[in-house]
Every structure is written in structure tokens, then in C-alpha cells.
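Participant:
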Amino acid sequence: MLQEKACDLVKAAQDTRVTVATLQAQRTSDELWETLYEKAVSLAATMDVSPSMPRGGPQRNRPNAPSITPSDFWRVNMFYPFIDHMVTEITSRLLSSSDRFVVQSLMPSNVKTIDDSTVKAIFDACGSDLTDYDSFSREIQRWVTRWTVVESPPSTADDCLEGALKLAHVELYPNIRRCIELLLAMPVSTSTAERSFSTMKRVKSYLRNSMTTERLSGLALMNIYREHEISAEQVVDIFARRKPRRMALLFKATQ
146 MLQEKACDLV KAAQDTRVTV ATLQAQRTSD ELWETLYEKA VSLAATMDVS
196 PSMPRGGPQR NRPNAPSITP SDFWRVNMFY PFIDHMVTEI TSRLLSSSDR
246 FVVQSLMPSN VKTIDDSTVK AIFDACGSDL TDYDSFSREI QRWVTRWTVV
296 ESPPSTADDC LEGALKLAHV ELYPNIRRCI ELLLAMPVST STAERSFSTM
346 KRVKSYLRNS MTTERLSGLA LMNIYREHEI SAEQVVDIFA RRKPRRMALL
396 FKATQ
């Protein structure tokens with residue numbers, strides 16, 4: 146759900162709470178751990194590795210809590226820290242700021258769902274960066290009237306927070322614009338950046354270390370936006386017209 150640009154952050158936060166509760170329940174499940182441990186033992190047996198515990202004194206760079214059996218050792222020193230790390234990361238990245246996700250109700254297509262409780266929730270979440278509640282409430286009323294009475298919501302391409310930010314004029318809707326800016330600045334999902342990093346790993350290999358920035362950006366964009374069709378004929382024409390070449394890539398019709 147977080148991979149989409151027009152994702153519903155409120156629903157994502159609700160489902161994330163379900164995920165956190167599931168992880169916490171699995172952390173205390175003896176049956177789940179026994180199943181995971183048996184799979185690990187079976188996988189290790191294929192490489193002639195027997196279950197064991199590290200020997201030696203206390204470790205400073207990794208968990209090494211004392212245990213009686215290998216199963217207890219890996220459960221305490223690997224399974225528990227892994228689950229706790231996942232719960233902490235999910236909570237800090239998504240759930241700790243979920244109260245501000247209600248700002249997405251200010252999108253033109255969502256203004257019909259705004260009521261007094263929604264206005265109060267937005268002000269409580271972003272009140273420290275806004276003027277006062279009365280001005281903010283009147284501004285919301287004008288914003289709702291604009292998209293329900295005067296104008297129609299924009300097309301799908303502009304029906305997002307970025308589109309709403311363009312439509313919220315800084316002099317007419319300063320508080321609404323500030324709320325949208327706060328939500329857009331939150332590091333909720335880094336899918337776009339992560340997608341770029343993954344693309345760079347595939348495109349900029351050891352054999353392409355000498356490519357220029359322009360070529361790297363072009364190849365990365367082609368790899369990310371694969372749904373856009375590229376005309377090979379137009380590419381060849383642009384390539385041929387840049388400078389004279391030994392091979393004739395353009396053929397002019399003779400009269």
C-alpha cells in the first residue's frame with residue numbers, strides 16, 4: 146500500500162497496527178518458534194552443520210545471552226531481537242505520526258468526508274504550525290465549498306497531495322497549504338527513493354563506472370518508468386541529427 150503515490154495512509158496505519166499485534170503475538174508463540182527452528186535445523190543439515198551455541202566469553206558486538214540449549218540460545222539472541230527491531234521500526238516510521246495522516250482528507254476528492262471532528266483532528270495534529278482554530282475552520286469551509294459547489298475535483302493525475310498543494314494558494318489557503326506541506330515532508334514511505342537506489346544498483350555496474358550523469362539518469366528513468374513506450378525510430382533520428390556520422394542513419398526521399 147505504501148508503494149503507491151496516492152496511498153491511503155490512514156488505512157495503511159490501521160493495517161500496520163494489525164501487523165504489529167501479529168508480530169507481538171508471534172514473539173511469544175512457542176509453536177511458531179519450534180517450527181522455525183526445525184526448518185533451520187533441516188536447512189543446516191543439508192550442509193552438514195549441527196545446531197550449536199558459540200563458545201567463549203561475553204560478546205560485545207552481538208547478543209550472547211546465556212542459554213542451556215541451542216534452541217533457547219537462538220531464540221533469545223536472534224529471534225527476539227529481530228521481532229523487537231521490526232516492531233520498533235514500524236512504530237517509529239509509521240504509527241508514531243499517524244495522527245497527521247488525517248491531513249489527506251484535504252485532497253479535493255476527499256473533502257466530502259470532512260466534518261467537525263476531522264477539522265479538530267487536523268488542527269490537533271498540526272496546530273503548532275497553524276494560526277488559530279477559528280481561522281483554520283473558516284478556511285476549511287471555503288476549501289470544501291470550492292470543491293463541492295464551485296468547482297469539480299481535478300483529474301486523477303492531479304488528485305494527490307502534490308496536486309492539492311498546487312491548488313492551495315498561499316494567500317487564500319495558508320493553513321491548508323501548511324498542513325499539506327507538513328504531511329509531504331514526513332518520511333512516511335521512501336519507496337520512490339528506494340526504487341531509485343535499486344535501479345542504480347542494476348544500471349551502474351562495474352562495467353559502467355565511466356558513464357556520465359546524463360546517461361545514468363536516462364537509463365535509470367527508462368528502467369523505473371517501464372510503462373512508457375519509447376519509439377526506436379525517434380531515438381535513432383535524434384541520435385543521427387546531433388552531429389554528422391560515418392554511417393547514414395537518416396534516409397531522405399529523392400525527388
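Using my numbering, the letters of the sequence shown correspond one by one to residues 146 to 400. Where is the CB? At the ideal position from N, CA and C, for every residue including glycine. None of the values given here were measured: they were computed from a predicted structure.
Can you round the beta-carbon distance between I213 and Q171 to whole angstroms, since I take them to be within the 8 angstroms contact cut?
Facilitator: Within the sequence shown, numbered from 1, the residue matching residue 213 stands at position 68. Within the sequence shown, numbered from 1, the residue matching residue 171 stands at position 26. At roughly 23 angstroms, the Cβ-Cβ gap does not stay under 8 angstroms, so I213 and Q171 are not in contact.
Participant: Specify, as a first and last residue, the run of the alpha helix (DSSP H) that S282 falls within.
Facilitator: Here the question's residue 282 lines up with position 137 in the sequence shown. Here the alpha helix (DSSP H) through S282 covers Y278 to T290.
Participant: Assess, as a yes-or-no matter, whether the segment 241-257 is touched by the segment 284-295 under the definition of 3 or more beta carbon pairs within less than 8 angstroms.
Facilitator: Verdict: yes, contact present.
Participant: Does the segment 268-276 come within contact of the segment 322-333, defined as at least 3 CB pairs closer than 8 angstroms?
Facilitator: Yes, they touch.
Participant: Are N368 and V381 touching if we call contact CB-CB under 8 angstroms?
Facilitator: The residue you call residue 368 lines up with position 223 of the sequence shown. The residue you call residue 381 lines up with position 236 of the sequence shown. No, the Cβ-Cβ distance between N368 and V381 is not below 8 angstroms.
Participant: Per the contact definition of three or more C-beta pairs closer than 8 angstroms, is the segment 162-180 in contact with the segment 244-252?
Facilitator: Touching, no.
Participant: What's the C-alpha gap between A157 and R387?
Facilitator: Position 12 of the sequence shown, counting from 1, holds the residue named residue 157. Position 242 of the sequence shown, counting from 1, holds the residue named residue 387. The alpha-carbon atoms of A157 and R387 are separated by roughly 49 angstroms.
Participant: Under the three-state reduction of DSSP, which class applies to S173: helix, strand or coil?
Facilitator: Locating residue 173 in the sequence shown gives position 28, counting from the first residue. In the sequence as displayed, the identity of residue 173 is Thr instead of Ser. If DSSP states are grouped into helix, strand and coil, T173 belongs with coil.
Participant: Take the Cβ of P298 as the centre, count every other Cβ of all protein chains shown within 10 Å, and call the residue buried at 16 or more, exposed below.
Facilitator: Locating residue 298 in the sequence shown gives position 153, where the first residue counts as 1. P298 comes out buried.
Participant: Using a 10 Å radius around the Cβ and a threshold of 16 neighbouring Cβ atoms, would you call Q400 buried or exposed?
Facilitator: Here residue 400 corresponds to residue number 255 of the sequence shown, with the count starting at 1. Low local confidence applies: a pLDDT of 46 at Q400 is under 50, so the model's placement there is unreliable, and no value is given.
Participant: Please confirm if the segment 214-222 is in contact with the segment 173-187, defined as three or more CB-CB distances below 8 angstroms between the two stretches.
Facilitator: The answer is yes - the segment 173-187 touches the segment 214-222, with three or more Cβ pairs under 8 angstroms.
Participant: Could you give the distance in angstroms between the alpha-carbon of T357 and the alpha-carbon of C152?
Facilitator: Working through the sequence shown from its first residue, we reach residue 357 at position 212. Working through the sequence shown from its first residue, we reach residue 152 at position 7. Rounded to the nearest angstrom, the two C-alpha atoms are 34 angstroms apart.
Participant: Give the range of the alpha helix (DSSP H) segment to which V194 is assigned.
Facilitator: For the purposes of this step, residue 194 is taken as the residue at position 49 of the sequence shown. It is not in any alpha helix (DSSP H) - V194 carries neither H nor E in the DSSP assignment.
Participant: For G308, which residues of its own chain have a beta-carbon under 7 angstroms away from its beta-carbon, when the five flanking residues on both sides are left out?
Facilitator: In the sequence shown, the residue the question calls residue 308 occupies position 163. Within the same chain, G308 has close Cβ partners P299.
Participant: To the nearest angstrom, how far is the alpha carbon of S341 from that of S355?
Facilitator: Sequence index remark: in the sequence shown, residue 341 carries index 196 (1-based). Sequence index remark: in the sequence shown, residue 355 carries index 210 (1-based). Looking at the two C-alpha atoms, the distance is approximately 19 angstroms.
Participant: Could you tell me the alpha carbon to alpha carbon distance between V194 and H373, rounded to whole angstroms?
Facilitator: Residue mapping note: residue 194 aligns to position 49 of the sequence shown, counting from 1. Residue mapping note: residue 373 aligns to position 228 of the sequence shown, counting from 1. Distance between the alpha carbons of V194 and H373: 49 angstroms.
Participant: Measure from the alpha carbon of S362 to the alpha carbon of each residue in E378, T344, Y351 and I375, then state which is nearest.
Facilitator: For the purposes of this step, residue 362 is identified with residue 217 of the sequence shown, where counting begins at 1. Answer by Cα proximity: T344.
Participant: Assign R322 to buried or exposed, taking buried as 16 or more other Cβ atoms, counted over all protein chains shown, within 10 Å of its Cβ.
Facilitator: Position 177 of the sequence shown holds residue 322. R322 should be labelled buried.
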